[in-house]
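Protein sequences, first through last, are from chains Y and R. Quick note on numbering: the first sequence equals residues 21 to 520 in the working numbering. Quick note on numbering: the second sequence equals residues 5 to 362 in the working numbering. Glycine residues also receive a C-beta, built at the ideal position from the N, C-alpha and C atoms. Shown next, in structure tokens, is the structure this report addresses.
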Amino acid sequence: MASALKLVGIRKSFDGALALDGASFESRAGEVHALLGENGAGKSSLMNVAAGLYAPDAGSISIDGVPIALSGPAAARQHGIGMVHQHFKLVKPFTVAENVLLANPRPHFASGIRNIRAAIEKQVGELKFSIDPDRRIETMTVAEQQQVEIVKVLVGGAKILILDEPTAVLTDAEAVGLLEIVQRLARSGTAVVLVTHKLQDVKRFADAVTIMRGGKTVATLDPRKSSAEELTELTVGQTLPLPVRTPHQGGPTKLNVGALCYTRGDGRTMLNNTSFHIRAGEIYGIAGVSGNGQAELAEALIGAIEPSSGEIWLDGTGDISRASQAKRREAAIAAIPADRYTYALAGSLPISDNLAVAQIRSGRYGGLIKLDRAAMRRDAATAVKDYDVQGVRSVGQKASLLSGGNAQKLVIAREFSRQPQVVVAHSPSRGLDARACAAVHQRLIAARERGAAIVLISEDLDEVLSLSDRIGVMSRGAIVGEFERPADRQAIGRAMVDHG
Amino acid sequence: MISPAPAASRGLGRLTLDVRQDLSPWKQTAFVGSSLVFGLAISLAILAAAGIPPLTLASELAAVLTAENLRGVLVQAAPLILVGLGASLAFRIGFWNLGIEGQMIFGGIFAAAISIYDVGPQATRLLLMGSAAALGGALWVLLVVFLKRRFRVNEIIATLLLNYVAMYFLFHLLYGAWQDAKTAFPQSSPLRPFERLGDIGYGINSGLLIAIAGVLAAGWLIHLSRIGFYTRFISANPRMAKIVGVPVQAATLWIIAASGACSGLAGFVNVASQEGRLTQSYANGYVFSGVLIAFLSRNDPVVVAVVGFLIAVLFITGQTLQVFYQIPLTMVQMIEAIIVMAVASSEFLIRHRIRWLR
Numbered sequence: 021m022a023s024a025l026k027l028v029g030i031r032k033s034f035d036g037a038l039a040l041d042g043a044s045f046e047s048r049a050g051e052v053h054a055l056l057g058e059n060g061a062g063k064s065s066l067m068n069v070a071a072g073l074y075a076p077d078a079g080s081i082s083i084d085g086v087p088i089a090l091s092g093p094a095a096a097r098q099h100g101i102g103m104v105h106q107h108f109k110l111v112k113p114f115t116v117a118e119n120v121l122l123a124n125p126r127p128h129f130a131s132g133i134r135n136i137r138a139a140i141e142k143q144v145g146e147l148k149f150s151i152d153p154d155r156r157i158e159t160m161t162v163a164e165q166q167q168v169e170i171v172k173v174l175v176g177g178a179k180i181l182i183l184d185e186p187t188a189v190l191t192d193a194e195a196v197g198l199l200e201i202v203q204r205l206a207r208s209g210t211a212v213v214l215v216t217h218k219l220q221d222v223k224r225f226a227d228a229v230t231i232m233r234g235g236k237t238v239a240t241l242d243p244r245k246s247s248a249e250e251l252t253e254l255t256v257g258q259t260l261p262l263p264v265r266t267p268h269q270g271g272p273t274k275l276n277v278g279a280l281c282y283t284r285g286d287g288r289t290m291l292n293n294t295s296f297h298i299r300a301g302e303i304y305g306i307a308g309v310s311g312n313g314q315a316e317l318a319e320a321l322i323g324a325i326e327p328s329s330g331e332i333w334l335d336g337t338g339d340i341s342r343a344s345q346a347k348r349r350e351a352a353i354a355a356i357p358a359d360r361y362t363y364a365l366a367g368s369l370p371i372s373d374n375l376a377v378a379q380i381r382s383g384r385y386g387g388l389i390k391l392d393r394a395a396m397r398r399d400a401a402t403a404v405k406d407y408d409v410q411g412v413r414s415v416g417q418k419a420s421l422l423s424g425g426n427a428q429k430l431v432i433a434r435e436f437s438r439q440p441q442v443v444v445a446h447s448p449s450r451g452l453d454a455r456a457c458a459a460v461h462q463r464l465i466a467a468r469e470r471g472a473a474i475v476l477i478s479e480d481l482d483e484v485l486s487l488s489d490r491i492g493v494m495s496r497g498a499i500v501g502e503f504e505r506p507a508d509r510q511a512i513g514r515a516m517v518d519h520g
Numbered sequence: 005m006i007s008p009a010p011a012a013s014r015g016l017g018r019l020t021l022d023v024r025q026d027l028s029p030w031k032q033t034a035f036v037g038s039s040l041v042f043g044l045a046i047s048l049a050i051l052a053a054a055g056i057p058p059l060t061l062a063s064e065l066a067a068v069l070t071a072e073n074l075r076g077v078l079v080q081a082a083p084l085i086l087v088g089l090g091a092s093l094a095f096r097i098g099f100w101n102l103g104i105e106g107q108m109i110f111g112g113i114f115a116a117a118i119s120i121y122d123v124g125p126q127a128t129r130l131l132l133m134g135s136a137a138a139l140g141g142a143l144w145v146l147l148v149v150f151l152k153r154r155f156r157v158n159e160i161i162a163t164l165l166l167n168y169v170a171m172y173f174l175f176h177l178l179y180g181a182w183q184d185a186k187t188a189f190p191q192s193s194p195l196r197p198f199e200r201l202g203d204i205g206y207g208i209n210s211g212l213l214i215a216i217a218g219v220l221a222a223g224w225l226i227h228l229s230r231i232g233f234y235t236r237f238i239s240a241n242p243r244m245a246k247i248v249g250v251p252v253q254a255a256t257l258w259i260i261a262a263s264g265a266c267s268g269l270a271g272f273v274n275v276a277s278q279e280g281r282l283t284q285s286y287a288n289g290y291v292f293s294g295v296l297i298a299f300l301s302r303n304d305p306v307v308v309a310v311v312g313f314l315i316a317v318l319f320i321t322g323q324t325l326q327v328f329y330q331i332p333l334t335m336v337q338m339i340e341a342i343i344v345m346a347v348a349s350s351e352f353l354i355r356h357r358i359r360w361l362r
């Protein structure tokens, strides 16, 4: 079969951070081609390049063997590339027909709407969808909205259909239904690209799979001829040598999370009886496919959200699941959130302020009447030196000017300044280079040696494996399996996907 | 750097917008300054078109700086500085207080109530009136905080609309219980001499002292105190502030109360110095002036004092132009608006770099 979409040597960086590092991809007409990889592997970025949303720094794109340059999404649409994004691009108060018209403009509104309605009905009939062109988007379920997105792209004449994590928002039955339709669509000659991190979907519905890791495409193979183990290994990478540490002593229980539940604003249950405990001097790793409640667990532990039921019991303090931040600080909980610039730093404020803010209440930097700025600057200079924060010209400069790794060191310097009893670290090395990553890991190990209880939530399985004394696998808001060190990587990988 | 898709590429090259990472304070000041000059130039052109040559304008501006006119400017400056403080304090924590007029009205009503019900000895009467005014302004804005926290009512709408509620409540008093019995005008009876803000020498009104005290207090609150430190985190990143243990709710409440108190004091100053009684219109137009001053001073209480003075100069000049050149008041307001827009666009230039790629 002929090549439909071909990307070669695509590179793309955002403000210095490399998202795509020479990625290549080729899909054919009549095929469902899966793009598999962990979160942050670069799958969506690569497809956004194909859809004309990102202009690549280097690399080439060709359609049906002809090299093209995409000046934007409209140009991609003209070349027959249609993308259904993970977050739908629909105008909620508009009807289906109006939304489709918006994406596929016609010269006149009244005749355009008639024309579009006919085109929708034709597509809906062929795909055996059940959507009415005159319904408003806001009255539709997520699965129906997704059908609108697909119809919108097909009415535009797409020959190459890119679906970004289409099953993430669907129930199992809806997902199977959708993927069967997508498979039929491919059989009729469309080139379908299925971006996913779900191994089962790939095994069951894809004709070819390309695996991405760290912004690179590492392999393209036939999913029917490769084992799940092989695919898992390619996705998560090879095991790295472990850092040196003392064997775990088995102290008293420091933190106990009991039957924690949390339902998000949109009605999705993100934490469903999450339970585990951590002893003093222990690193408890939480592994799992992203979106299974890890983010919400971290937010509940650091107090960004309030769980609907359950408890977070802390040795010597009691239940803190609904405690104020002041009380959490008193209990010496250190928070290293995944999203540094949302939860840990105020980018527009000076480094010294960002370091001092957690200890203002203690009176270390003066009373209510007057703050001791000199002391803040002094302490900040010491912390910057101790924690090897690079790129600091003065402690008065904005925190946002630091690179990711150094910003993370700054967060750790603040959070570790008071000998924490409990450390909650969520993807602490995300976006860091090897050296900064090693420094962060070393700090976590040091806290462990000191007797702190550490929760390490990470989508990077290597990180979890190399640091944890015990590992809990999280799936659909619950811990579905626990593994003692040394844990079997493949067994964990299976536990992650079996429940996902 | 965020580089959105090209805006236009029709042979001439294309325009791109980059988000700036950092800009030195000097360059920022230069951007604001040049925008201000640009806005003034447009204003001058409009005035010239309305029949006032720039040279005449310059001589009118110079005339403002004579001792007699300067006194008028300082009287005008006191309430302007206070409403500027009220707006800038609230804006610092992202609370869009557009209810300055309502808070001024309640400040005036509370102060007048002390006079009308003859509360306290003569010696401390003014102090009591001032405190009551601050309390009145604070309570009126805290009502909005309650609505926002309890019912999630947007504060822009709530503060703005409550201005009308305050205004009609004032009318209710002035056409009813508090109407001047002697003249039957819709005004309160005049304040007694010891209830008025008098001169402190050189013909300067003591209202200015209240404004200066307000500037010092707000400057301390923002730049030196612990709450001021908290406010920087609350405005920079409220979610992060909460996580690191900043008492977001409490600090926000105090700052908003201080904002309302400043506006209440502005009401008191107008009632007790210029008007000498509760009138219908002592708060008119101050929302816009407050927002303008806060905006031009980039919410810094110390700069508010300077900008408040300059706006007072503009007001007095505007009055002269009205009297001697038949320029309508709306013209003066239009010039204010032009200056606001010019400074607003400088904000955009500070955050973005525009480049022309060929």
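To the nearest angstrom, how far is it from the Cα of residue 64 of chain Y to the Cα of residue 101 of chain Y?
Reading the first sequence from its first residue, position 44 is the one you call residue 64 of chain Y. Reading the first sequence from its first residue, position 81 is the one you call residue 101 of chain Y. Whole-angstrom Cα-Cα distance: 15 angstroms.
Return the Cβ separation of residue 216 of chain R and residue 258 of chain R in integer angstroms, given the expectation that the two are a contact with Cβ distance under 8 angstroms.
One-based indexing of the second sequence puts residue 216 of chain R at position 212. One-based indexing of the second sequence puts residue 258 of chain R at position 254. Taking a contact as a CB-CB distance under 8 angstroms, the pair residue 216 of chain R and residue 258 of chain R does not count as one, their CB atoms being some 22 angstroms apart.
Have a look at the DSSP bridge pairing and note the partners of residue 104 of chain Y.
Counted from its first residue, the first sequence places residue 104 of chain Y at position 84. Y/183, per the DSSP bridge assignment.
DSSP three-state call for residue 456 of chain Y: helix, strand or coil?
Taking the first sequence and counting its residues from 1, the one referred to as residue 456 of chain Y is at position 436. If DSSP states are grouped into helix, strand and coil, residue 456 of chain Y belongs with the helices.
In three-state terms, what does DSSP make of residue 27 of chain R?
Start at 1 with the first residue of the second sequence, and residue 27 of chain R comes out as number 23. Note: residue 27 of chain R maps to coil in three-state DSSP.
Check the Cβ of residue 228 of chain R against every Cβ in chain Y and list those closer than 8 angstroms, keeping chain order.
Here residue 228 of chain R is taken as the residue at index 224 of the second sequence, counted from 1. Among the residues of chain Y, those whose CB is under 8 angstroms from the CB of residue 228 of chain R are 389, 390 and 391, following chain order.
Uninterrupted beta strand (DSSP E) stretches inside the region 368 to 450 of chain Y (no shorter than 3 residues)
Annotation: the region 368 to 450 of chain Y contains the following complete segments of the beta strand (DSSP E) (minimum length 3 residues), in chain order: 442 to 446.
How many whole angstroms separate the CB atoms of residue 374 of chain Y and residue 284 of chain Y, which I take to be in contact at a CB cut-off of 8 angstroms?
In the first sequence, residue 374 of chain Y corresponds to position 354, counting from 1. In the first sequence, residue 284 of chain Y corresponds to position 264, counting from 1. Not confirmed; about 29 angstroms, so no contact.
Output needed in chain order: residues of the region 234 to 264 of chain R with a Cβ under 8 angstroms from some Cβ in chain Y.
Closer than 8 angstroms at the C-beta level to chain Y, one finds these residues of the region 234 to 264 of chain R: 234, 236, 237, 240, 241, 243, 244, 245, 246, 247, 248, 249, 250 and 251.
So is residue 272 of chain Y buried or exposed if we call it buried at 16+ other beta carbons inside 10 Å?
Sequence index remark: in the first sequence, residue 272 of chain Y carries index 252 (1-based). The residue is exposed, with fewer than 16 neighbouring Cβ atoms inside 10 Å.
Quick check on this structure: which residue in R/56, R/55 and R/90 has the alpha carbon closest to the alpha carbon of residue 291 of chain R?
Taking the second sequence and counting its residues from 1, the one referred to as residue 291 of chain R is at position 287. Nearest C-alpha to residue 291 of chain R: R/90.
Quick check on DSSP: helix, strand or coil for residue 349 of chain R?
Taking the first residue of the second sequence as position 1, residue 349 of chain R is located at position 345. In the structure shown, residue 349 of chain R sits in a helix (DSSP, three-state: H, G or I).
Starting from residue 368 of chain Y, find everything on chain R with Cβ-Cβ shorter than 7 angstroms and list it in chain order.
One-based indexing of the first sequence puts residue 368 of chain Y at position 348. The contacting residues are 240.
4-residue-minimum alpha helix (DSSP H) runs that sit fully inside the region 194 to 238 of chain R, ordered along the chain
Those alpha helix (DSSP H) runs which fall completely within the region 194 to 238 of chain R and span 4+ residues are 211 to 227.
Residue 281 of chain Y - partner residues in DSSP beta bridges:
To locate residue 281 of chain Y, count along the first sequence from 1; it is residue 261. For residue 281 of chain Y, which the question treats as bridged, DSSP gives the partners Y/292 and Y/329.
Kindly identify the DSSP beta-bridge partner or partners of residue 56 of chain Y.
By one-based count along the first sequence, residue 56 of chain Y stands at place 36. In the DSSP assignment, the residues bridged to residue 56 of chain Y are Y/216 and Y/231.
Three-state secondary structure (DSSP) at residue 125 of chain Y?
Stepping through the first sequence from its first residue, residue 125 of chain Y is reached at position 105. Residue 125 of chain Y: coil per DSSP, three-state reduction.
So, does the region 208 to 225 of chain R touch the region 149 to 168 of chain R, judging by three or more C-beta pairs under 8 angstroms?
Fewer than three Cβ pairs drawn from the region 208 to 225 of chain R and the region 149 to 168 of chain R lie within less than 8 angstroms of each other, which leaves the two stretches out of contact.
What are the boundary residues of the alpha helix (DSSP H) that residue 329 of chain R is part of?
Indexing the second sequence from 1 puts residue 329 of chain R at position 325. Judged by DSSP secondary structure, residue 329 of chain R falls within the alpha helix (DSSP H) whose first and last residues are 305 to 329.
Between the beta-carbon of residue 267 of chain R and the beta-carbon of residue 294 of chain R, is there less than 9 angstroms?
Working through the second sequence from its first residue, we reach residue 267 of chain R at position 263. Working through the second sequence from its first residue, we reach residue 294 of chain R at position 290. Note that the C-beta distance between residue 267 of chain R and residue 294 of chain R is below 9 angstroms.
According to the Cβ coordinates, are residue 332 of chain Y and residue 365 of chain Y closer than 9 angstroms?
Position 312 of the first sequence, counted from the first residue, corresponds to residue 332 of chain Y. Position 345 of the first sequence, counted from the first residue, corresponds to residue 365 of chain Y. At least 9 angstroms separates the beta-carbon of residue 332 of chain Y from that of residue 365 of chain Y.
Cβ neighbour criterion (16 or more within 10 Å) applied to residue 333 of chain R:
Taking the second sequence and counting its residues from 1, one reaches residue 333 of chain R at position 329. With fewer than 16 other Cβ atoms within 10 Å, it is exposed.
6 angstroms CB neighbourhood of residue 319 of chain Y in its chain, flanking five on each side removed:
As a first step, residue 319 of chain Y is located in the first sequence; it is residue number 299 there, counting from the start. Taken in chain order, the residues that qualify are 325.
Do the CB positions of residue 103 of chain R and residue 163 of chain R come within less than 9 angstroms of each other?
Your numbering for residue 103 of chain R matches position 99 in the second sequence. Your numbering for residue 163 of chain R matches position 159 in the second sequence. Result yes, Cβ atoms of residue 103 of chain R and residue 163 of chain R sit closer than 9 angstroms.
Flag this pair as touching only if the region 204 to 224 of chain Y and the region 51 to 58 of chain Y have three or more C-beta atom pairs under 8 angstroms; answer yes or no.
Enough Cβ pairs lie closer than 8 angstroms, so yes.
Using 8 angstroms as the threshold, is the region 335 to 352 of chain R in touch with the region 43 to 59 of chain R, meaning 3 or more CB pairs across them?
Flag = yes, the region 335 to 352 of chain R and the region 43 to 59 of chain R touch.
Just checking: is the beta-carbon of residue 260 of chain Y within a distance shorter than 9 angstroms of some beta-carbon in chain R?
Counted from its first residue, the first sequence places residue 260 of chain Y at position 240. Residue placement at residue 260 of chain Y cannot be trusted, given a pLDDT of 45 that sits under 50; the coordinates are not used to answer.
So the beta strand (DSSP E) residue 496 of chain Y belongs to, where does it begin and stop?
Reading the first sequence from its first residue, position 476 is the one you call residue 496 of chain Y. Here residue 496 of chain Y belongs to no beta strand (DSSP E), and DSSP marks it neither H nor E.
Using C-beta distances below 7 angstroms, list every residue in its chain close to residue 183 of chain R, excluding the 5 sequence neighbours before and after it, in chain order.
Against the second sequence, residue 183 of chain R aligns to sequence position 179. Within the same chain, residue 183 of chain R has close Cβ partners 190.
Measure the CB-CB distance between residue 298 of chain Y and residue 274 of chain Y and report whether it falls below 9 angstroms.
The residue given as residue 298 of chain Y occupies position 278 in the first sequence. The residue given as residue 274 of chain Y occupies position 254 in the first sequence. Yes. Within cutoff.
Identify which residue in R/237, R/325, R/355 and R/347 has its Cα closest to the Cα of residue 419 of chain Y.
In the first sequence, counting from the first residue as 1, residue 419 of chain Y sits at position 399. Residue 419 of chain Y has its Cα closest to that of R/237, out of R/237, R/325, R/355 and R/347.
For residue 304 of chain Y, the residue or residues it bridges with in DSSP
Taking the first residue of the first sequence as 1, we reach residue 304 of chain Y at position 284. For residue 304 of chain Y, which the question treats as bridged, DSSP gives the partners Y/475 and Y/490.
Nearest neighbour of residue 95 of chain Y, chosen from Y/176, Y/449 and Y/199 [CA to CA]
Sequence index remark: in the first sequence, residue 95 of chain Y carries index 75 (1-based). With distances taken between Cα atoms, residue 95 of chain Y lies closest to Y/176.
So, is the C-beta of residue 22 of chain Y closer than 9 angstroms to a C-beta in chain R?
Here the question's residue 22 of chain Y lines up with position 2 in the first sequence. Residue 22 of chain Y does not count as touching chain R.
According to the neighbour-count rule (16 or more other Cβ atoms, all chains shown, within 10 Å of its Cβ), is residue 170 of chain R buried or exposed?
Within the second sequence, the letter at position 166 stands for residue 170 of chain R. Under this definition residue 170 of chain R is a buried residue.
Alpha carbon to alpha carbon, how far is residue 136 of chain Y from residue 356 of chain Y? Give it in angstroms, no decimals.
Mapped onto the first sequence, residue 356 of chain Y falls at position 336. Mapped onto the first sequence, residue 136 of chain Y falls at position 116. Rounded to whole angstroms, the separation of the alpha carbons of residue 136 of chain Y and residue 356 of chain Y is 50 angstroms.
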